[in-house]
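Participant:
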Amino acid sequence: MDDVTLLVSELVTNSVVHSRSRDGGRVTVAMADCHDMIHVDVVDDGGEAFGPVSDDMLAENGRGLFLVQQLSREWGTHEDSAGRVVWFQVAYKA
179 MDDVTLLVSE
189 LVTNSVVHSR
199 SRDGGRVTVA
209 MADCHDMIHV
219 DVVDDGGEAF
229 GPVSDDMLAE
239 NGRGLFLVQQ
249 LSREWGTHED
259 SAGRVVWFQV
269 AYKA
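Each residue of the sequence shown is one higher than the last, beginning at 179 in our numbering.
1) State buried or exposed for valine 220, treating a residue as buried only when at least 16 other CB atoms are found within 10 Å of its CB.
2) Just curious, the beta strand (DSSP E) that glutamate 257 is in, first and last residue?
3) What are the partner residues of glycine 140, as DSSP defines its beta bridges?
4) Whole angstroms is fine: what's the gap from tryptophan 253's alpha carbon to glutamine 267's?
5) Looking at the structure shown, is histidine 213 part of a helix, part of a strand, or coil, going by DSSP?
6) So, leucine 249 versus aspartate 201, is the Cβ gap smaller than 7 Å?
Spelled out as structure tokens, the structure:
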């Protein structure tokens with residue numbers, strides 16, 4: 179659950195800082211227990227395209243997405259007229 183908490187924090191922060199949600203919009207988090215993993219969606223009002231994922235710990239941007247990439251089993255994003263969804267899945271540890 180520590181990995182899930184960290185990744186949710188990173189993605190909600192990205193939504194608040196980088197999406198149109200920062201101007202009084204909404205950020206919604208949905209979580210599902212899928213037997214062997216947790217699936218999380220972070221939904222915001224959309225905005226500019228994502229920047230690159232960066233493994234440079236001194237970089238100003240992209241480190242949070244690097245964490246998502248490293249700690250999740252799978253992750254992705256999609257955007258439509260309703261907004262943007264960034265999702266990830268973290269497997270339960272045996």
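Virtual Cβ for every residue (Gly too), placed ideally from N, Cα, C.
Facilitator: Inspection of the coordinates gives the following:
1) buried
2) 252–258
3) Nothing about residue 140 can be read from this structure; the chain reaches only from 179 to 272.
4) 6 Å
5) coil
6) no
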